[in-house]
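2 protein chains.
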Amino acid sequence: MEENQEIRKAGLKITLPRVKILSLLEKQGGHLSAEDVYRILLDEGEEIGLATVYRVLTQFESAGLVVRHNFEGGQAVFELDRGSHHDHLICMNCGRVEEFVDNTIEKRQIEIAKKHGFRIKDHALVIYGICSNKECKQAE
Amino acid sequence: MEENQEIRKAGLKITLPRVKILSLLEKQGGHLSAEDVYRILLDEGEEIGLATVYRVLTQFESAGLVVRHNFEGGQAVFELDRGSHHDHLICMNCGRVEEFVDNTIEKRQIEIAKKHGFRIKDHALVIYGICSNKECKQAE
DNA sequence: TACGAAAATGAGAAGATTTCGCATTATCAA
DNA sequence: TTGATAATGCGAAATCTTCTCATTTTCGTA
């Protein structure tokens, strides 16, 4: 139960909702909205409230356990923070999300921030495009 | 009245709200939320509805006249599309937004998209940090 | 310039996402 | 085991955006 340790380290009590949500994020991987998490847990027979999901995800975010992304459109999505920062490629047709890390860009950003007198705290780079799926290429 | 030409080119009828909104964006520059646009026009004595502001801004976006940004937090912001793509630096303390263009990053993004089999359509890079204002540095 | 079809507007309702308030329940140190 | 404290679940509320629809405006044509 290393989930418990992570929750404890975050300074939060070990509660069923928190353990379930963290396990789900670890099991599923990828990017889930609060609604996704809520539905999946309901489907698995758990009793949980949507408000709790939002609360817990926000707490996990503050604790650095998960990262929240505000991609275009409606809902925010959350993913486990595996320590390594990365950016995203999103297919505008099928919604697929791929991750990438590019040191050239990372370094350049630091230089840009410095040039503008900013102390960099975070950054978010999202590339929108059409992925290599046959249907996506055609739809375009 | 070159606003009228731009609106006409976008395939839209010349109406008072559209002209007022476009003029305001040209006059103000920078990034305004729909609410901002609405309030400023009301203050200037115009009669306009918030729904119209949203509608018009969305139409302008579709027509390529303005760009919509979904920065973190609540509302989307809009800015005139002056043709040249640029990215943003945002101060997490005072909310100041600065713009920048960096060719190294632009080129790198194209390469990354290609490597992943994506045809790039758009991208959004936002760097969050603390700007050089005295208060912002202290608040941090 | 006036007419009229088609499009646009304004106001409020409705939708979507997220947060809040509070009574009830669960956690965990002693 | 107990009790103080924190967390939950629920519905209400807040926030941002879109929709509906009756009314008004635009603009090509007469």
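Residue numbers (my numbering), protein chains in the order written: chain R, 148 to 287; chain A, 148 to 287.
The C-beta atom is built at its ideal place from N, Cα and C for all residues, glycine as well.
Worksheet item: Cβ of R:K167 within 9 Å of Cβ of R:I195?
Response: What you label residue 167 of chain R is simply residue 20 of the first sequence in a count that begins at 1. What you label residue 195 of chain R is simply residue 48 of the first sequence in a count that begins at 1. Yes, they are a contact pair.
Practice prompt. Give the DSSP-derived three-state secondary structure of R:K268 in the structure shown.
Written response: By one-based count along the first sequence, residue 268 of chain R stands at place 121. Residue state, collapsed to three classes: strand.
Practice prompt. Compare the beta carbon distance of R:V224 and R:H178 with 9 Å and say whether it is the shorter of the two.
Written response: Working through the first sequence from its first residue, we reach residue 224 of chain R at position 77. Working through the first sequence from its first residue, we reach residue 178 of chain R at position 31. Taking 9 Å as the Cβ cut-off, R:V224 and R:H178 qualify as a contacting pair.
Worksheet item: In chain R, which residues lie with their C-beta within 7 Å of the C-beta of A:K268?
Response: In the second sequence, counting from the first residue as 1, residue 268 of chain A sits at position 121. By Cβ distance, chain R contributes M239, Y275, G276 and I277.
Worksheet item: Does the beta carbon of R:D228 sit closer than 9 Å to a beta carbon anywhere in chain A?
Response: Residue numbering aside, residue 228 of chain R sits at position 81 when the first sequence is read from its first letter. Not an interface residue.
Worksheet item: In three-state DSSP terms, what is R:R215?
Response: Walking along the first sequence from the start, residue 215 of chain R turns up at place 68. Strand, per DSSP.
Worksheet item: Tell me the DSSP bridge mates of R:L188?
Response: Taking the first sequence and counting its residues from 1, one reaches residue 188 of chain R at position 41. Looking at the DSSP assignment, R:L188 forms no beta bridge with any residue, so it has no partner.
Practice prompt. Taking A:V203 as the reference, give the member of A:H232, A:T162, A:R186 and A:L236 with the closest Cα.
Written response: By one-based count along the second sequence, residue 203 of chain A stands at place 56. The shortest Cα separation from A:V203 among A:H232, A:T162, A:R186 and A:L236 belongs to A:T162.
Item to complete: Anything in chain R within Cβ reach of A:I259, meaning under 9 Å, just list it in chain order.
Response: Working through the second sequence from its first residue, we reach residue 259 of chain A at position 112. Neighbours of A:I259 on chain R, chain order: D234, L236, F247, D249, I252 and I274.
Worksheet item: Within 10 angstroms of its Cβ, does A:G276 collect 16 or more other Cβ (buried), or is it exposed?
Response: Taking the first residue of the second sequence as 1, we reach residue 276 of chain A at position 129. Buried is the call here.
Worksheet item: Can you name, in chain order, every residue of its own chain whose Cβ lies under 6 Å from the Cβ of A:A260, other than the five neighbours on each side?
Response: Your numbering for residue 260 of chain A matches position 113 in the second sequence. Excluding residues within five positions, the ones whose Cβ falls inside 6 Å are I267.
Fill in: Test: A:G177 CB closer than 9 Å to a CB of chain R
Stepping through the second sequence from its first residue, residue 177 of chain A is reached at position 30. No, A:G177 lies away from the interface with chain R (no Cβ there is under 9 Å from its Cβ).
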